[in-house]
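Student: Just passing along the structure, written as structure tokens.
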Amino acid sequence: MDAGIITEEQLKKALEFQKRNGRRLGSILLELGFATEDDILKVLSEQFSNVPVAKKRHFENIPEDVIKLVPAHIAARYDVIPVAKKGNKLFLAMVNPDDHFAIEDVRFVTKLDVVPLISLEDYIKEAIKKYYKVEDMMDQLVKVEDEDLGIEVMGGETGLERTSGSGLLESRTGKGSGITTGSSTGSEIEQSIEEILIAGDEGGVEEVPVKSEEDAEDITAIADETSPIVKLVNAILLEAIRRRASDIHIEPYENELRVRYRIDGVLQEVLKRDVKLIRPIVARLKAMAKMKLEEKRRPQDGRIRLKMGNKRIDVRVATIPTVYGEKVAMRILDRSAIELKLDVLGFEEESLKVFRKAIKNPNGIVLVTGPTGSGKTTTLYAALQELNSIDVNISTVEDPVEFTLHGINQVQVKEDVGMTFAAGLKAFLRQDPDIIMVGEIRDLETAEIAIRASLTGHLVLSTVHTNTAAATVTRLINMDIEPFLIASTLLVVVSQRLVRKICEECKEEYKPDDSVILDLSPEDPDRLRGVKFYKGRGCEKCFGTGYKGRIGIYEVMPITKRIREMILKKAPTFEIEKVAIEEGMITLRESGIRKVIRGITTPDEVLKETKME
Numbered sequence: 007m008d009a010g011i012i013t014e015e016q017l018k019k020a021l022e023f024q025k026r027n028g029r030r031l032g033s034i035l036l037e038l039g040f041a042t043e044d045d046i047l048k049v050l051s052e053q054f055s056n057v058p059v060a061k062k063r064h065f066e067n068i069p070e071d072v073i074k075l076v077p078a079h080i081a082a083r084y085d086v087i088p089v090a091k092k093g094n095k096l097f098l099a100m101v102n103p104d105d106h107f108a109i110e111d112v113r114f115v116t117k118l119d120v121v122p123l124i125s126l127e128d129y130i131k132e133a134i135k136k137y138y139k140v141e142d143m144m145d146q147l148v149k150v151e152d153e154d155l156g157i158e159v160m161g162g163e164t165g166l167e168r169t170s171g172s173g174l175l176e177s178r179t180g181k182g183s184g185i186t187t188g189s190s191t192g193s194e195i196e197q198s199i200e201e202i203l204i205a206g207d208e209g210g211v212e213e214v215p216v217k218s219e220e221d222a223e224d225i226t227a228i229a230d231e232t233s234p235i236v237k238l239v240n241a242i243l244l245e246a247i248r249r250r251a252s253d254i255h256i257e258p259y260e261n262e263l264r265v266r267y268r269i270d271g272v273l274q275e276v277l278k279r280d281v282k283l284i285r286p287i288v289a290r291l292k293a294m295a296k297m298k299l300e301e302k303r304r305p306q307d308g309r310i311r312l313k314m315g316n317k318r319i320d321v322r323v324a325t326i327p328t329v330y331g332e333k334v335a336m337r338i339l340d341r342s343a344i345e346l347k348l349d350v351l352g353f354e355e356e357s358l359k360v361f362r363k364a365i366k367n368p369n370g371i372v373l374v375t376g377p378t379g380s381g382k383t384t385t386l387y388a389a390l391q392e393l394n395s396i397d398v399n400i401s402t403v404e405d406p407v408e409f410t411l412h413g414i415n416q417v418q419v420k421e422d423v424g425m426t427f428a429a430g431l432k433a434f435l436r437q438d439p440d441i442i443m444v445g446e447i448r449d450l451e452t453a454e455i456a457i458r459a460s461l462t463g464h465l466v467l468s469t470v471h472t473n474t475a476a477a478t479v480t481r482l483i484n485m486d487i488e489p490f491l492i493a494s495t496l497l498v499v500v501s502q503r504l505v506r507k508i509c510e511e512c513k514e515e516y517k518p519d520d521s522v523i524l525d526l527s528p529e530d531p532d533r534l535r536g537v538k539f540y541k542g543r544g545c546e547k548c549f550g551t552g553y554k555g556r557i558g559i560y561e562v563m564p565i566t567k568r569i570r571e572m573i574l575k576k577a578p579t580f581e582i583e584k585v586a587i588e589e590g591m592i593t594l595r596e597s598g599i600r601k602v603i604r605g606i607t608t609p610d611e612v613l614k615e616t617k618m619e
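This is the structure:
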């Protein structure tokens, strides 16, 4: 349509034909007379980065010795056929030139360099019927389906070696690349992964052994010399880093293996493969993370350190056995992607002044609260960075240590050897600390030691899981901490969430429904009547989502004299919150509204991350 070859009406007719009869759209357009062979192949070539084309005439007289190079079962499975051989190069006509595993299998059985050519599905299927005997093809297909994947776990650093057979690293749920996706964003990511696989990870990531941050192992070189699984794992990691994903989920189901990225807090499906690939993929990741390859019945945790250019990236790896195999979750910790400065996190100006005043105290407790993944640790790290100086002794006990901070003593929780939050806190008190950060106050013992530390002249920073700043007080009381201890030690409570930022490349003004304005500010909707609202249209920079990056919304509740009196009286949460607002506290919703007014985020994001009682 963009090239002016077909009309919208013709496209609709072709799509209706496709619903009834299946087949690929290019063949249908040709059959209906809406486009010529040259039209279709030209557009397909452009779609696949100007890959050469194979026209109908190229299939008329293929030499028998060229046909014999590619076994019938591979030709039928992938919809490919060799059309010519020149020197060490085999020209392979394909429906999908991006199908790396088809190319890899043909290269493996022929020992030749494969040059992919784009062609129409009908042409290739007709040629396969013409040049291969149907009986031979079926016999080979049945035999191959009964074989295992052709990959086994071996010792050594790479963890995997290719063994016998064609490898069959394709999806058995469909033809071609075997990848399906549910969104345009996923499709773009899927295409990028395939491009990385074909490109051999050039300019990709390097693995840094955990024992040393100086000696780097180039996994690009490994990928060129070992199994396609190594390339696939490297491509998944590399693309996740490029897309700014915070997490990777590799999930086995009954008939398929699914890969999802969490980008700006939202999970997106990017890849589907045959579920049989889960074993070699998990084995490769375990080898990289220095985990036990043979242990498949229990959860395991490990860590991979990577380099991408000058960037150092930590990847936390966690496996857990499921019904259909081990699921892998990876948290990507890109140090360069996060600015540990309080000024850029999203605090409103008034709230930041209150928070900064609190953390400058020589003793007391500062708590940050919010759900998992709301950026609590980043806020605490930014506070520690601001407090970090040569004349201050700072120690942290965390589970896990997400980023290593220069000049700060960080301890990893290891409950199996007795190093709990409480044990770490006790040990710190004998280390002459000025400031202590506890990853999380989970129980009464940890809370009591934190309070004792603050009473003896230490500043303690920590997190608690509650929905609002005011609810944190009630949570501490419910943990059986005496109200007078809370009132005398607590300095400030910060509640936070993360909202997605509008992509600046495709930002455009729009008019939301009146119902959205009413939901956003039910008490005073008129304040938003004249405001210009923005959203992202969706572009290449944001991968069609309209959002790029995230920013925090914060409510900061200082423990004032009035609130201390209410804590001593065990006042309910809503009364504490009411007094805090009267004294000037900016709520999460209000912080979000201000960012909507400034054109930073959308009403939908604020409504999703905040709630009104």
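Just so we're on the same page, this note's numbering is the position in the sequence shown counted from 1, plus 6.
Think of the CB as a built atom: it goes at the ideal place given N, C-alpha and C, for glycine as much as any other residue.
With a floor of 3 residues, list each beta strand (DSSP E) that falls wholly inside the stretch 530-567, ordered by position along the chain.
Tutor: 539-542, 553-564
Student: Are K554 and E514 closer than 9 Å when you measure CB to CB?
Tutor: Going by C-beta atoms, K554 is not nearer than 9 Å to E514.
Student: Do the stretch 382-389 and the stretch 419-432 make contact, defined as three or more Cβ pairs closer than 8 Å?
Tutor: no
Student: With burial defined as no fewer than 16 other Cβ atoms inside 10 Å of the residue's Cβ, what is the status of I680: buried or exposed?
Tutor: The question about residue 680 has no answer here: the residues shown for the chain are numbered 7 through 619.
Student: Which one or two residues does DSSP pair with Y84 in a beta bridge?
Tutor: Beta-bridge pairing links Y84 to no other residue.
Student: Could you name each continuous alpha helix (DSSP H) segment of 4 residues or more that falls completely within the stretch 567-592, going from the start of the chain to the end?
Tutor: Taking only runs of at least 4 residues, the alpha helix (DSSP H) segments lying wholly in the stretch 567-592 are 567-574, 579-588.
Student: Can you find the residues in the same chain that come closer than 8 Å, C-beta to C-beta, to P518, ignoring five residues on each side of it along the sequence?
Tutor: F539, P609
Student: From I457 to T469, what does the alpha carbon distance come to, in whole angstroms?
Tutor: 14 Å
Student: Determine whether the beta carbon atoms of G381 and R570 lie at a separation below 9 Å.
Tutor: No; because the gap between Cβ atoms is not below 9 Å, this pair is not in contact.
Student: How would you label F580, buried or exposed, when you count the other beta carbons within 10 angstroms and need 16 or more for buried?
Tutor: exposed
Student: Assuming contact is defined by CB atoms lying nearer than 9 Å, are T593 and E561 in contact in what I supplied?
Tutor: Yes, the Cβ-Cβ distance between T593 and E561 is below 9 Å.
Student: Verify whether the separation of the beta carbon atoms of P258 and K359 is less than 9 Å.
Tutor: no
Student: Quick test of your reading: V265 and V276, contact by CB under 8 Å. State the CB separation rounded to the nearest angstrom.
Tutor: 5 Å
Student: Along the chain, where does the beta strand (DSSP E) that runs through G331 open and close?
Tutor: 331-340
Student: Alpha carbon to alpha carbon, what distance is there between P406 and R311?
Tutor: 15 Å
Student: Please classify T452: does DSSP put it in a helix, a strand, or coil?
Tutor: helix
Student: Looking at the structure shown, is T472 part of a helix, part of a strand, or coil, going by DSSP?
Tutor: coil
Student: What's the gap between the Cα of P103 and the Cα of F54?
Tutor: Rounded to the nearest whole angstrom, the CA to CA distance from P103 to F54 is 7 Å.
Student: Tell me, please, which residues DSSP counts as bridged to K92.
Tutor: K95
Student: From I247, E354, L283, Q306, pick the residue whose C-alpha is nearest to that of I319; which is it?
Tutor: I247
Student: Evaluate P637 with the Cβ neighbour count: other Cβ atoms within 10 Å of its Cβ, from every protein chain shown; 16 or more gives buried, anything less gives exposed.
Tutor: Because the chain in this structure spans residues 7 to 619, residue 637 falls outside the shown range and cannot be described.
Student: Might you give, ordered along the chain, the residues of its own chain that have their beta carbon closer than 7 Å to the beta carbon of T116, omitting 5 neighbours on each side?
Tutor: Only L75, V76, L96 meet the Cβ criterion.
Student: Please look up how many angstroms separate the CB atoms of S521 and I599, rounded, as I've assumed it's under 8 Å.
Tutor: Rounded, the Cβ-Cβ distance is 16 Å, inconsistent with contact.
Student: Go to E515, then tell me how far its beta strand (DSSP E) extends in each direction, as first and last residue.
Tutor: 513-516
Student: Return the residue from the list S252, I284, K420, S401 that minimises the CA-CA distance to A459.
Tutor: S401
Student: Output the boundary residues of the alpha helix (DSSP H) element that contains A433.
Tutor: 427-434
Student: Which stretch, first to last residue, makes up the alpha helix (DSSP H) that contains E510?
Tutor: Counting along the chain, E510 falls outside any alpha helix (DSSP H), and DSSP gives it neither H nor E.
Student: Tell me Y267's beta-bridge partners as DSSP assigns them.
Tutor: In DSSP, Y267 forms a bridge with I254, Q274.
Student: Which whole-angstrom value describes the C-beta separation of A90 and V72, a residue pair presumed to lie in contact below a C-beta threshold of 8 Å?
Tutor: 6 Å
Student: Along the chain, where does the beta strand (DSSP E) that runs through V321 open and close?
Tutor: 317-328
Student: Using 9 Å as the threshold, is the C-beta distance between I508 and I606 below it?
Tutor: yes
Student: Where do the ends of the alpha helix (DSSP H) carrying E658 lie?
Tutor: No answer is possible for residue 658: the residues shown for the chain start at 7 and end at 619.
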